[in-house]
Amino acid sequence: MRVVVTGASGYLGSALLNLLEAKGIHTIALTNSSSPATESDYIHTIPLSCMNEVLPNAPDIIFHLAAYIPQDYTLPDPRLFDTQVQLTSKLINLFPQARFIYASSVSVYGNQSGTITETLEIKEPSNYALSKIAGEFTVQNLSENYGIIRFASLIGPGMRKGTFIPTLVDDATKNNYIELWGDGLRVQSYMHVYDAAQLALEAGLARYGKNLYLGAGWNNHSDRDVINIMSQLLPGLEVRHKSAPPSNQRLFNNQTTQSSLTFKPTKTLHMTLKEMIEHAL
Numbered sequence: 001m002r003v004v005v006t007g008a009s010g011y012l013g014s015a016l017l018n019l020l021e022a023k024g025i026h027t028i029a030l031t032n033s034s035s036p037a038t039e040s041d042y043i044h045t046i047p048l049s050c051m052n053e054v055l056p057n058a059p060d061i062i063f064h065l066a067a068y069i070p071q072d073y074t075l076p077d078p079r080l081f082d083t084q085v086q087l088t089s090k091l092i093n094l095f096p097q098a099r100f101i102y103a104s105s106v107s108v109y110g111n112q113s114g115t116i117t118e119t120l121e122i123k124e125p126s127n128y129a130l131s132k133i134a135g136e137f138t139v140q141n142l143s144e145n146y147g148i149i150r151f152a153s154l155i156g157p158g159m160r161k162g163t164f165i166p167t168l169v170d171d172a173t174k175n176n177y178i179e180l181w182g183d184g185l186r187v188q189s190y191m192h193v194y195d196a197a198q199l200a201l202e203a204g205l206a207r208y209g210k211n212l213y214l215g216a217g218w219n220n221h222s223d224r225d226v227i228n229i230m231s232q233l234l235p236g237l238e239v240r241h242k243s244a245p246p247s248n249q250r251l252f253n254n255q256t257t258q259s260s261l262t263f264k265p266t267k268t269l270h271m272t273l274k275e276m277i278e279h280a281l
């Protein structure tokens with residue numbers, strides 16, 4: 001088996017490469033990063049700009065994980081179109097027989113409250129989400145064998161700073177305090193990046209079909225849950241409460257995804273936060 005991975009030097013891409021290497025699957029890692037993906041007996045890195053000239057035999061599976069993430073999701077940015085539509089179209093046209101796995105995002109649902117499922121309608125998406133939707137439509141129109149995965153919050157050691165979880169870990173390990181904004185009832189579904197890579201691989205190995213998956217954790221956790229776990233892991237941690245308006249309440253339900261795959265997450269939120277704290281210390 002041969003596979004191609006775009007975004008191979010990214011957070012999810014790196015985790016998937018490690019998994020593919022461990023399973024002995026020959027992989028072409030496409031990257032435009034100055035930090036190339038790992039080279040090994042099973043992993044070969046090719047610059048994204050050279051893929052037309054140097055890609056070998058057609059792959060069995062393409063994992064299109066590359067994404068341009070803007071600083072402001074609300075502003076138009078042509079680079080979103082380049083990655084989500086043009087590159088997607090190019091890959092499918094180059095290798096129409098390959099199973100195509102496209103990494104999308106739960107941002108396509110907008111800021112809706114209630115229960116988020118695979119089939120929930122798209123509503124008031126940001127410009128970033130619109131680019132993901134355009135990428136999904138490109139896959140659906142051009143590929144006869146695909147899996148679209150709408151990932152929620154991927155977390156774990158080494159994740160990019162700036163969002164809720166890594167900010168908590170950073171404050172806790174450096175300053176011995178964390179901040180809880182608002183009532184703490186905001187709910188999120190977290191998935192360890194290793195589990196996300198496992199899900200992507202199983203989706204890629206699935207038989208011929210046109211599949212939509214919700215790449216969320218099997219459980220939902222409130223901000224209070226996260227704070228409580230952090231306090232258990234770091235006794236004596238100070239919790240500072242900050243006022244904030246109530247957030248939209250929403251739950252993730254991916255029963256359809258669970259029933260279509262044998263995959264089950266192996267990393268609980270407690271295990272993941274413990275890993276992140278140990279990595280930061």
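Under the UniProt record's numbering, residues 1 to 281 are what the sequence shown spells out, in order.
Ideal Cβ placement from N, Cα and C applies to all residues, glycine included.
Evaluate residue 198 with the Cβ neighbour count: other Cβ atoms within 10 Å of its Cβ, from every protein chain shown; 16 or more gives buried, anything less gives exposed. buried
With H, G and I counted as helix, E and B as strand and the rest as coil, what does DSSP make of residue 278? helix
What residue does the alpha helix (DSSP H) around residue 230 start on, and which one ends it? Start and end: 223-233.
Mark residue 264 as exposed unless 16 or more other C-beta atoms lie within 10 angstroms of its C-beta, in which case mark it buried. Exposed is the call here.
Here's the rule: buried if 16 or more other CB atoms are within 10 angstroms of the residue's CB, otherwise exposed. What is residue 137? Answer is exposed; the Cβ neighbour count stays below 16.
Counting Cβ pairs closer than 8 Å, one from the region 20-30 and one from the region 113-123, do we hit at least three? no
Could you work out which residue in 112, 46, 239 and 194 is closest to residue 249 when comparing CA atoms only? Per the Cα distances, 112.
DSSP three-state assignment for residue 16, whether helix, strand or coil: Per DSSP, reduced to three states, the secondary structure at residue 16 is helical.
Based on DSSP bridge pairs, tell me the residues matched to residue 47. 31
Any idea if residue 69 is buried or exposed, counting beta-carbon neighbours within 10 angstroms, 16 or more meaning buried? exposed
Per-residue DSSP class, three states only, for residue 176: Correct three-state label for residue 176: coil.
May I have the straight-line CA-CA distance separating residue 202 from residue 169, to the nearest angstrom? 30 Å
Shortest alpha-carbon distance to residue 106 belongs to which of 100, 125, 24 and 47? 125
Output the residue ranges of the beta strand (DSSP E) runs that lie fully inside the region 99-157 and measure 3 residues or longer, sorted by chain position. Fully enclosed beta strand (DSSP E) runs of no fewer than 3 residues occupy 99-105, 114-116, 146-151 and 153-155 of the region 99-157, in order along the chain.
Whether or not the region 261-277 and the region 127-144 are in contact is what I'm after, with contact meaning three or more pairs of Cβ atoms, one per stretch, closer than 8 Å; do they touch? no
Backbone secondary structure at residue 290 - three-state DSSP: With the chain covering only 1 through 281, there is no way to say anything about residue 290.
Going by alpha carbons, who is nearest to residue 267 out of 172, 247 and 218? Closest by alpha carbon: 218.
Starting from residue 6 and walking both ways along the beta strand (DSSP E), at which residues does that stretch end? 2-6
For residue 181, which beta-bridge partners are listed by DSSP? The partner list for residue 181 (beta bridge, DSSP) reads 242.
Going by the beta-carbon positions, is the gap between residue 236 and residue 150 smaller than 9 Å? no
Other residues of its chain near residue 242: CB distance less than 6 Å, five sequence neighbours each side excluded: If you ignore the 5 residues before and after residue 242, its C-beta comes within less than 6 Å of the C-beta of 179 and 181, all in its own chain and listed in chain order.
Determine the closest residue to residue 9 out of 213, 65, 93 and 22, with distance taken between C-alpha atoms. Per the Cα distances, 65.
Does the beta-carbon of residue 210 have 16 or more other beta-carbons within 10 angstroms, so that it is buried, or is it exposed? exposed
By the three-class DSSP mapping on this structure, what secondary structure does residue 261 have? In the structure shown, residue 261 sits in coil (DSSP, three-state: anything other than H, G, I, E or B).
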